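Reviewing the structure listed below.
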Amino acid sequence: MKGLPALKVETQDLENRQVKLTVEVPDDRLHEAMRSAARRMSKQTRIPGFRPGKAPYEILLQRLGEEAIFEEALESLGQDLYRQALESTALEPFAPGSLDEVVSRTPLVLRYTVPLSPKVDLGGYREVRLPYKPPAVTDEAVEAFLEDLRQSQALIEPADRALQVQDLAIVDLEGELLPKEGAEAETLVKQQAVSLLVAEANEWPVPGLALALAGMAVGETKDYEYTFLETYQTESLRGRTARFHITCQEVKSRTVPDWTDELARSLGEYADLVDLRSQVRKGLEDQARGRFDEEFAEQALEAMHKGTTVTYPPQVLKDELSDMLQDLDARLRSQGMNLAEYLKAEKKTEQELRTELEPRARRQLERALVLYEIVEAERLQVEEPEIAEATDRLSAGAQAGTVESLRKALEQPQNRRRIAFNLLTEKALKQVATIARGEAGPVPPASEPTDEPSGESDVQATP
């Protein structure tokens, strides 16, 4: 920095894309910083016989203590020294650095750790090949979809009789987990006028309950118990027994129409039942192909990841974990809970949760780094018309009267960047899949270089 005494700066490469930066500071630079710090501190301290900020430095040393003044000086000086040292070395940090150690005070020698940008060696990513075999849609799948569609057109009417299979039961439902050693009774559900289809396929709230309603009449009650399997997806319910109390309020019959061309036409723009069946098949094929393509791209990216070498500073993984915890906290708050309450309920510390999430965070981070490097290697870009088209598509889905306000929101810089990022991610995954199918053409020539923004030049913490 212009006008400041020169620093003695040494660098040492560390593993995982980090550099150790050792900075020796001229004595007069430290002395001036100490005096400035003492003046700042004196404005907050009453010194008998002196107006605030007017006490001599020697008096302040005696009153405030050299250690306290040094710490205050280092708070601001450390930031300035870090920036000046970075300029002298031309290092470009990827994230804020850290002041790790005061090696000595006479002369003042500070040691920083500078995180550099992650490095990805893609290896032979363009040689990855995977078999591409989209699943076929069976006749059974088409007929099952049509049957669900037919069932949804049932005529529902009150019935003056006991419940039968395929009826609609309107019930009051109360359910609780029975107490057991180490666990108290808990309410699972308490709802009135719940509609339940009396059918074996209906497994809400638990398997078998809906079918067990057959034979009940209006006003009758029934208890039903169910023990959750040890393999149940929700760990806290495994092996627990739930008891439900059901009161039948209404019985409704369901008359399901037979398939006719007229029924098919009533469901949309279909010429007849044959046309409906054809379009149902096409829709199922599109859905199956879409799901398969997503899974195929992820498998291809995973295969490419295995052939790459990815190195990055530990701080980058810590930041990824912090982002995951923030996302979890936001989701919990939307459900009326926060992260602290969740940790208390799970009997975990935040550090234990971080350790548990670390493998997932590492995989997520490395996947993103590999995908970004593929974007660079394949010269992928998102053009302005693509962003405009995506904005139009998102705006079109808004409710009447809110289209323009949504469009204005989407055109804000931060939202445009988010749209562009999502489009680029989609484009990158499509290219990954194209490569894995063996259908990728040659990489296009590089475009004109652009100036990249430099990294952070702030120190995150001081000792």
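Under our numbering, residue 934 is the last one in the sequence shown; the count climbs by one each step, no gaps. Positions of the beta carbon are idealized from the N, C-alpha and C atoms, including for glycine. Bear in mind that the values here come from a model prediction, so they are computed numbers and not experimental data.
Asked                                                                                                                   : Found
First through last residue of the alpha helix (DSSP H) which encompasses Val874                                         : Val874 to Leu881
Residues sharing a beta bridge with Leu492, DSSP                                                                        : Thr482 and Tyr583
Run of the alpha helix (DSSP H) containing Ile530, from where it starts to where it stops                               : Tyr528 to Leu535
Those residues which DSSP pairs with Glu611 across a bridge                                                             : Answer is none; Glu611 lacks a bridge partner.
Terminal residues of the beta strand (DSSP E) in which Gln629 lies                                                      : First, the amino acid is wrong: residue 629 is Pro here, not Gln. Looking at the DSSP string, the run of the beta strand (DSSP E) that includes Pro629 is Leu626 to Pro629.
Length-filtered (3 minimum) beta strand (DSSP E) runs lying within the region 610 to 691                                : 626 to 629, 639 to 648 and 657 to 668
Per-residue burial, Leu552 [other beta carbons within 10 Å of its own, 16 or more giving buried]                        : buried
Assumed close pair Val580, Glu495 - CB separation to whole angstroms, cut-off 8 angstroms                               : 5 angstroms
Nearest to Lys525 (by Cα), restricted to the options Lys723, Arg511, Arg825 and Gly536                                  : Arg511
Option in Leu478, Ile627, Gly754 and Pro497 with minimal Cα separation from Val613                                      : Gly754
Other residues of its chain near Thr976: CB distance less than 7 angstroms, five sequence neighbours each side excluded : The question about residue 976 has no answer, for the chain in this structure spans 472 to 934.
Close Cβ partners of Glu882 (< 8 angstroms) along its chain, the five nearest in sequence each way excluded             : Thr862
Residues near Arg908 in its chain [Cβ-Cβ closer than 7 angstroms; skip 5 each side]                                     : Tyr603
Where Phe715 falls, given that 16 or more other Cβ within 10 Å makes a residue buried                                   : buried
Within 9 angstroms, strictly: CB atoms of Ser724 and Glu628                                                             : yes
Beta-ladder partner(s) of Phe715, from DSSP                                                                             : Gly646 and Tyr695
Per-residue DSSP class, three states only, for Glu725                                                                   : Residue identity check: residue 725 is Arg in the sequence provided, not Glu. It is a strand residue.
Leu634 beta carbon less than 9 angstroms from that of Leu684                                                            : yes
Own chain residues within Cβ distance below 6 angstroms of Ala832, not counting five before or after                    : Glu791, Leu792 and Met795
Own chain, CB closer than 7 angstroms to Thr584, minus 5 neighbours either side, in chain order                         : Gln489, Lys491, Gly568, Ser569 and Asp571
Cβ shell of Asp746 (< 8 angstroms), same chain only, five flanking positions each side left out                         : Ala735
Whole-number beta carbon distance between Ala688 and Cys719, since they are thought to touch under 8 angstroms          : 7 angstroms
Alpha-carbon spacing of Thr705 relative to Leu617, whole angstroms                                                      : 32 angstroms
N-terminal and C-terminal residue of the beta strand (DSSP E) that Val574 is part of                                    : Ser569 to Arg576
Rounded separation between His502 and Gln822 - CA only                                                                  : 41 angstroms
Cβ-based neighbour list, Arg711, same chain, cut-off 8 angstroms, excluding 5 preceding and 5 following                 : Leu648, Leu649, Lys651, Ala654, Thr698 and Phe699
For Thr780, the first and last residue of its enclosing beta strand (DSSP E)                                            : Thr780 to Thr782
Boundaries of the alpha helix (DSSP H) in which Asp732 is found, first to last residue                                  : Asp732 to Ser737
CA-to-CA distance, Val853 to Ala891, given in whole angstroms                                                           : 6 angstroms
Cα-Cα separation, Pro606 to Gln902                                                                                      : 21 angstroms
Backbone CA spacing between Arg802 and Thr826 [nearest angstrom]                                                        : 20 angstroms
Straight-line Cα distance separating Glu645 from Gly739                                                                 : 40 angstroms
Rounded separation between His776 and Gly761 - CA only                                                                  : 22 angstroms
Short Cβ contact (9 angstroms threshold) for Leu836 with Ile858                                                         : no
Rounded straight-line distance, which links the Cα of Arg582 to that of Met505                                          : 19 angstroms
Helix, strand or coil at Lys590 according to DSSP, with G and I counted as helix                                        : strand
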